[in-house]
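Following the numbering used here, the numbering of the sequence shown begins with 558 at its first residue and continues without gaps.
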Amino acid sequence: MGYSSAKGYKYSYRPPFRNKQLKFLKANGRHMLIIVISITLIFTFSTIANRITGFVLYANDIEARLNETLKNVNMLSREKAECSAMLADTGQNMDICNNKLTSSQSFLVACEKERDDLKSYSDRINSLFRACDVERKDLSEKLANETSNYKEVVRSSVKAICCSFGDSVSGALRNWAILNSQIVCSGNFTVNCTSGKTDF
């Protein structure tokens, strides 16, 4: 590298190959720049396209998932509504059942009270029946005794009333009866005037 004093300017040495490169760049630089820019744009668009495609696929997958989720949510909402309706019906049925149970319990309490009252009444009736049965037996025994005594008095009296001394000696049979609580010497009954036996 050197300087020329006659001309008064700086001089630099450039190899011939580099000069060719500079000339080639000057002549084709614009085309090469366009090619480089085109390649860059193609690569950029290709990358963006791949990303857009991936995003679209991801968005489609997200949309499908959202649709499926929305479908499940709608189904769950319907099931919830059905369950709420069933729960409301069950609650209504439970209220009806509780009302019936309360009524049944009230009826049961009333029925048990009536049963207790009837049992008390039955116990009183049974007690009265036992007392009446005892009294009936006593009266039956008394009546039997009185009847026996009455018949014995009648038997012992009919001979003296209806038989004469001669009838007693001859063993005659005399008819007799009871009329108005009195012994009369005619009737369907008979008496042996000797022994005093009668069919009464």
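Note that beta-carbon positions come from the ideal geometry of N, C-alpha and C, so glycine has one too.
Quick one: is V748 buried, meaning 16 or more other Cβ sit within 10 Å of its Cβ, or exposed? Position 191 of the sequence shown, counted from the start, is the residue given in the question as residue 748. With a threshold of 16 other beta carbon atoms within 10 Å, V748 meets it and is buried.
Are the stretch 730-744 and the stretch 705-716 in contact at 8 Å, needing three or more beta carbon pairs? Three or more Cβ pairs closer than 8 Å define a contact, and the stretch 730-744 meets that threshold against the stretch 705-716.
In angstroms, rounded to a whole number, what distance separates the CA positions of L685 and K694? Indexing the sequence shown from 1 puts residue 685 at position 128. Indexing the sequence shown from 1 puts residue 694 at position 137. In a straight line, the C-alpha of L685 is about 14 Å away from that of K694.
Decide if T610 is buried, meaning its Cβ has at least 16 other Cβ atoms within 10 Å, or exposed. By 1-based counting over the sequence shown, the position of residue 610 is 53. By the neighbour-count rule (16 or more Cβ atoms within 10 Å), T610 is not buried but exposed.
Answer yes or no: does any C-beta atom of chain D fall closer than 8 Å to that of K708? Chain labels in this structure do not include chain D; a single protein chain is all it has.
G767 - containing beta strand (DSSP E), residue span: Because residue 767 is not part of the residues shown, which for the chain are 558 to 757, the question remains open.
What is the DSSP secondary structure of A729, counted as helix, strand or coil? Your numbering for residue 729 matches position 172 in the sequence shown. Under the three-state reduction of DSSP, A729 is assigned to coil, being neither helix nor strand.
Can you give the Cα-Cα distance for A667 and D680, rounded to whole angstroms? The residue you call residue 667 lines up with position 110 of the sequence shown. The residue you call residue 680 lines up with position 123 of the sequence shown. Roughly 20 Å separates the two Cα atoms.
When V630, D673, I596 and C720 are compared against S752, the one with the closest alpha-carbon: Numbered from 1 along the sequence shown, position 195 holds the residue referred to as residue 752. Closest by alpha carbon: C720.
Local Cβ density within 10 Å of C640, reported as buried at 16 or more and exposed below that: Position 83 of the sequence shown holds residue 640. Classification of C640: exposed, given that the 10 Å Cβ count is below 16.
Assign C750 to buried or exposed, taking buried as 16 or more other Cβ atoms, counted over all protein chains shown, within 10 Å of its Cβ. The residue given as residue 750 occupies position 193 in the sequence shown. By the 10 Å Cβ count, C750 comes out buried.
CB-CB under 8 Å to N745, same chain, minus the five flanking residues each way: which ones, in chain order? Position 188 of the sequence shown, counted from the start, is the residue given in the question as residue 745. Counting only Cβ-Cβ distances below 8 Å, and skipping sequence neighbours, we find N732 and A734.
Tell me the rounded alpha-carbon separation between D618 and F612. Taking the sequence shown and counting its residues from 1, the one referred to as residue 618 is at position 61. Taking the sequence shown and counting its residues from 1, the one referred to as residue 612 is at position 55. Cα to Cα, D618 sits roughly 9 Å from F612.
If you count every other CB in all the chains shown that lies within 10 Å of the CB of T755, and 16 or more means buried, which is it? On the sequence shown, position 198 is the one that residue 755 refers to. Label assigned to T755: buried.
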